[in-house]
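Chemist: The following block contains the structure, expressed as structure tokens.
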Amino acid sequence: MVKPDLSPFTTLLNEDGTLQPERGVVERRLSDMKEMFQKIPDSIGDPILYHVYLIPVPEKNSELQSSTTVLYPGTVGSEYYMTKGHFHEIRDRSEVYMGISGEGRLVMATEDGEVAVEPMRPGSINYVPGGWAHRSVNVGEEPLVFFATYVGDAGHDYGTIEEEGFPVLVVKGEEGPEVVENPRYTGRTR
Ligand code: S6P
Ligand code: ZN
């Protein structure tokens, strides 16, 4: 017989992507991820790039963590606002994203430099297999809001991306978003 650790509970999603009740919030400003942008204009200040609203549960592989992310619209130089991006600490742990509002790109990369860029929009369901680092990029004019759920003990390895970057960047081109090579990427390429 399995004796459950938790009792069932419900969280409500507000239209703006916040959660009710609020159980935990992470705020990320430009100053938290300065090294990740190619060039930061002096006049930009220290804007909030995104909030993550958490539904925390025990960090075990028998549970599912979940959260919403509200990634605001804007650019830093030619790059759109984006999340830090990470591998999961336990590399093979997978994740599912569901787009709620706004328009984005989900940039994913393996440790040996394979790349995938997938669309995020209301109703998109992106599967992030184990072993793929992931970063969301807001390419629209409205906040990009999405729900994420992932294996409970996955953990987050931000260090590898901080050191190596992603193999590609999503930049604002004349005709809209463009995926270009990251000149500062120091990881393996394929
Ligand atoms: C967690 C999941 C998301 C991100 C969030 C912010 O595994 O991928 O909830 O945490 O979108 O991104 P980051 O890279 O700052 O954690
Ligand atoms: Zn993740």
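Residue numbers are given in my numbering: position 94 of the sequence shown equals residue 94, and the series is strictly consecutive.
Note that CB positions come from ideal geometry on N, CA and C, so glycine has one too.
Contact check, G17 vs V70 under 8 Å by CB: the rounded distance?
Modeler: Taking the sequence shown and counting its residues from 1, the one referred to as residue 17 is at position 17. Taking the sequence shown and counting its residues from 1, the one referred to as residue 70 is at position 70. Going by Cβ atoms, the distance from G17 to V70 rounds to 4 Å, so yes, they are a contact pair.
Chemist: If you run the structure through DSSP and keep just helix, strand and coil, what is E164?
Modeler: Here residue 164 refers to the residue found at position 164 of the sequence shown. Correct three-state label for E164: helix.
Chemist: Which one of H88, S78, I44, G113 has the shortest CA to CA distance from E174?
Modeler: By one-based count along the sequence shown, residue 174 stands at place 174. Minimum Cα distance to E174 is reached at S78.
Chemist: Using the Cα positions of S66 and A148, report the straight-line distance between them to the nearest angstrom.
Modeler: For the purposes of this step, residue 66 is taken as the residue at position 66 of the sequence shown. For the purposes of this step, residue 148 is taken as the residue at position 148 of the sequence shown. Cα-Cα distance, rounded: 5 Å.
Chemist: Beta-carbon distances below 7 Å to any heavy atom of the ligand ZN define the shell here; list its residues in chain order, please.
Modeler: Residues flagged by the Cβ proximity filter: H86, H88, E95, V128, H134, A148, Y150, A154, H156.
Chemist: Cα-Cα, which of N182, P122, N61, A109 is closest to V128?
Modeler: To locate residue 128, count along the sequence shown from 1; it is residue 128. For V128, the nearest C-alpha among the options comes from A109.
Chemist: Would you say the beta carbon of K60 comes nearer than 7 Å to a heavy atom of the ligand S6P?
Modeler: Along the sequence shown, one-based indexing puts residue 60 at 60. At a threshold of 7 Å, K60 does not count as near the ligand S6P, since its beta carbon sits no closer than that to any of the ligand's heavy atoms.
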